[in-house]
Each structure stands twice: as structure tokens, then as C-alpha cells.
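Participant: For the sequence shown, this note's numbering gives the first residue as 1164, with consecutive numbering after it.
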Amino acid sequence: MEIKKVGVLGCGLMGSGIAQVCATAGFDVTVLEVEQKFLDKGIAGIEKSLAKFAERPVEKGGITAAQKDAIRARLKGTTNRQDLHDCDIVIEAIIENVQQKRDMYDSLDGIVKREAIFATNTSSISVTELMAATKRPERFIGLHFFNPLAASSSTDGSQVYVAACDQYQPDGVTCAAGSVHIVDTISRGDFQQVPYINNSTNNMCDNGGQNAPLCVADMIAIQPQ
Ligand SMILES: NC(=O)c1ccc[n+]([C@@H]2O[C@H](COP(=O)([O-])OP(=O)(O)OC[C@H]3O[C@@H](n4cnc5c(N)ncnc54)[C@H](O)[C@@H]3O)[C@@H](O)[C@H]2O)c1
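Here it is in C-alpha cells:
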């Protein structure tokens, strides 16, 4: 199935970033929030981020003013779940609460077209447990974007996702079901950190530091325990 329209649930830190990268990749995006004030805040953050990209030269990863306007025009915000009825994929990024996520999927099952894919961006909740709350378990996937989203290009995901989202083309990694994701597992491990740090250092040398794991760790302020 060709993905044309993406629904995003939640316009907080991750939802706004997911909406932005999807619109930048050329998809029509509708992002859902519980209240207009949260939507306004999330969309304002996206506009600020796009404005920054438009200030940057295109050859250094920036976008033109026309591209900025086109991306913004592909983005719509709503507080009405019915507006997601014709999405091809719905990516959930609401708060990390099992019951709220389950309730959300339950209500969307009857609204969003049957063939659409449901995805969760959860960091730590079992994807299987969320999948069980839907009537479309065969079209339910874990799809984990990393923060900061607009500046990074990697995801953990499933094979279904890799097939479904090949138009977006992030650096996807297929992984088995588990309670945490690949990057979390590596960065929270003990001795595994040694090869990780070595690789990070190599990456920093390779690409001048942009988006390298240590830069990202620094940006998101990981602190020693
Ligand atoms: N923050 C991170 O670094 C990070 C990284 C990867 C994954 N995640 C996961 O992404 C998800 C979102 O995290 P976040 O950091 O963006 O949280 P956040 O608190 O910044 O945003 C959540 C948003 O969801 C909205 N929301 C809550 N209930 C809703 C509902 N029923 N319908 C629509 N919107 C609703 C809230 O108003 C809020 O704006 C979580 O599952 C989290 O575990 C977070």
C-alpha cells in the first residue's frame, strides 16, 4: 500500500518532530491533540524549527523558503479524531501511559480505515500489549523515532514498517520484540558502553560530528547516574 497521508497522535516533543519529518518527506500529515492550546504550542515549535532550516544553506542541510512553505502547507492540526479517518498510517506519540494509549487505539479502530497501519512510538511499553487493544493486530507495528527528531535520521522498527515507510527512507533497524529499543539497550548497558563509545568516536571523525551519537547524547543532556 502506498502511504500518502500520515496521522500523528500527540503534538508534544516527539509528535511534533514526527509530524515535521513526515511533512518534510512529502506526506500529508494530520496531527491530533487533546486541546487546542497543546496543538498551537506543538505547531509553533514546528514552524520555528522549519524557519531555522530555511536560514541554513541548502548544501548544509537547509531548505528554501518555498520548501518551508510547502512543508507547512502539508501539515494540519486537529482536536477531532474523525479527521484521521482517511490516514494510511497513524503514528501514536501520546504520553507514556498504557491505558491512555489503549483507549486511543480502541476509539480510532472504528474511525480510521481498515487497511491503515497503526504504529506506536512508545519507549518502554510492550508493543504486543498495545497491539492487543486493537482489532487490527496484523497491521500494528512498533516504530521508534529518536529525539531530537528533526536532527536525527534513525529509527528502530519492524519489517512491516521498513516495507510500509520506504518512501520516508530513514536509516531503519529491524529488531525483535522487547521492553526497550536497540539504542536504549546499548546506551544503558554497562560494559556494552565501551564499544558504543568507540563507535561513537569513529562516527564523530567520519561525519564531522553532525548527528553522531555522542553529539546527540550531549544535546539531550544524558547525565551519569
Ligand atoms: N521524549 C523522548 O525523548 C522520547 C523518545 C522516543 C520515544 N518517546 C515516546 O514518545 C511518546 C511521546 O513522548 P513525548 O516525549 O513526545 O511526550 P510529550 O509529553 O512531550 O507529548 C505527549 C503529547 O500527547 C498529548 N496527548 C496526551 N493524551 C492524548 C490523547 N489522548 N490524544 C492526543 N494527544 C494526547 C499531550 O497533550 C502531549 O502534548 C511516549 O510514548 C514516549 O515514551 C519519547
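Beta carbons: idealized from backbone N, C-alpha and C, even for Gly. All values reported here derive from a predicted model rather than from experimental measurement.
1. Measuring CA to CA, which of Thr1285, Ala1182 and Gly1240 is closest to Ser1212?
2. Between Asp1266 and chain D, is there a C-beta pair that is closer than 9 Å?
3. Measure the C-alpha to C-alpha separation of Gln1330 and Gly1170 and round it to an integer number of angstroms.
4. Whole angstroms are fine: how far does the CA of Ile1226 sit from the CA of Leu1172?
5. Cβ of Phe1190 within 8 Å of any heavy atom in ligand 1?
6. Do Ile1257 and Gly1175 have their beta-carbon atoms positioned less than 9 Å apart in this structure?
7. Check whether the Cβ of Val1197 sits closer than 8 Å to any heavy atom of ligand 3, and report yes or no.
8. Within 10 Å of its beta-carbon, does Ala1218 have 16 or more other beta-carbons around it, so buried, or fewer, so exposed?
9. Where does Gly1175 sit, in a helix, a strand or coil, going by DSSP?
10. What do you reckon, is the C-beta of Met1177 under 8 Å from a heavy atom of ligand 1?
11. Ser1299: which of Asn1310, Ala1279, Pro1311 and Phe1309 sits nearest, CA to CA?
12. What do you get for Val1290, buried or exposed, if any count of 16 or more other CB atoms within 10 angstroms of its CB means buried?
Facilitator: For this structure:
1. Ala1182
2. Absence of chain D from the displayed structure is noted, only one protein chain being present.
3. Because the pLDDT of Gln1330 is 48, which lies under 50, any placement of that residue in the model is unreliable, and the question is left without a value.
4. 26 Å
5. no
6. yes
7. Questions concerning ligand 3 fall outside what the structure shown contains, since the ligands it does hold are ligand 1.
8. In the sequence on display, residue 1218 carries Glu and not Ala. By the neighbour-count rule (16 or more Cβ atoms within 10 Å), Glu1218 is not buried but exposed.
9. coil
10. yes
11. A small correction: the amino acid at residue 1299 is Arg; Ser does not occupy that position in the sequence shown. Of the listed residues, the one whose Cα sits closest to Arg1299 is Ala1279.
12. buried
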